[in-house]
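So that you can map any letter, position 185 of the sequence shown is 178 in this note's numbering, and since no number is skipped, the others follow by simple counting.
A short worksheet on the structure shown next.
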Amino acid sequence: MKRSSSVLALFLCSLTILPSDHAIESPQYAVALLATDFEIRLYRNSIWVSAPLRGTSFEKSTEEGFHRLYQFIHGANLNATEINKTSPVVTSIAQSSQGSFKSYWVSFYLPAKIQGAPPQPNPELNLKLDERKAQCVAVRKFSGFARDDNIDKEKEALVASLDSHSSGGIVKDDKNAFAVAQYNSSHHLSGRLNEIWLKVGFPGCR
């Protein structure tokens, strides 16, 4: 795990030090609703590559999944292609019906120039090309480090904000399934940005 942690830290660190003419690409979206403490975004159709895992720890699963993704973007694919970095790293989390374990998908957005013909990951990495249809996502930003001991609290705060929003019309897809988006390296101690993502239905987001 130490190796995986250092790989993730190195990758995320590179997101913050590239010059402005080499801006990191991110999935495109339109803001459908901007509230005081959350927003609703409409993300376009896109293709990601994801590492599926089962476990009990968000932090360990993110490290392990990203170690596999890191190999993929550095040539461990059937085309032996180096793939440009994108941001953020997104860990999707879902509780099992029995509550005995959580499933995780650690995901990397593929750059626009290869969306039409993405390279296949090497089979031993157990990665999935993940075609995502356009979807509405409620987003809550939070600072500091995303950890096992705070992501549930941030998710519940987003759910509470959605429930109390005066305009109504927001339909939560599944409050027990959510994602954590991370934008900064572990060495970036101030001004950190993370987000909680929760799929929703919304009239202005179709």
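Where a beta carbon is used, it is the ideal one built from N, C-alpha and C, also for glycine.
For the pair of segments examined, the stretch 72 to 84 was found not to touch the stretch 148 to 167: the number of CB pairs separated by less than 8 angstroms stays below three. The DSSP-derived three-state label of P114 is strand. DSSP places G161 in the coil class of the three-state scheme, outside both helix and strand. For the stretch 32 to 110, the continuous alpha helix (DSSP H) assignments of 4+ residues that do not extend past its boundaries occur at 51 to 66, in sequence order. Under DSSP, R133 forms a beta bridge with I189. Relative to the Cα of A131, the nearest Cα in the group C198, E52, P104, G109 belongs to C198. Counting of Cβ neighbours within 10 angstroms places V152 among the buried residues, the total reaching 16 or more.
Counting along the chain, the unbroken beta strand (DSSP E) around F171 starts and ends at 170 to 175. Residue pairing of G184 in beta bridges, as defined by DSSP: absent, with no partner found. Secondary structure of L120 (DSSP, three-state): coil. Annotation: the continuous beta strand (DSSP E) that includes A25 extends over 22 to 27. In this structure, the alpha-carbon of S100 lies about 33 angstroms from that of S159. Our two residues, L191 and E149, have alpha carbons roughly 11 angstroms apart in a direct line. If you draw a straight line from the Cα of E57 to the Cα of N187, it is about 19 angstroms long. The Cβ atoms of I40 and T79 do not sit closer than 8 angstroms to each other.
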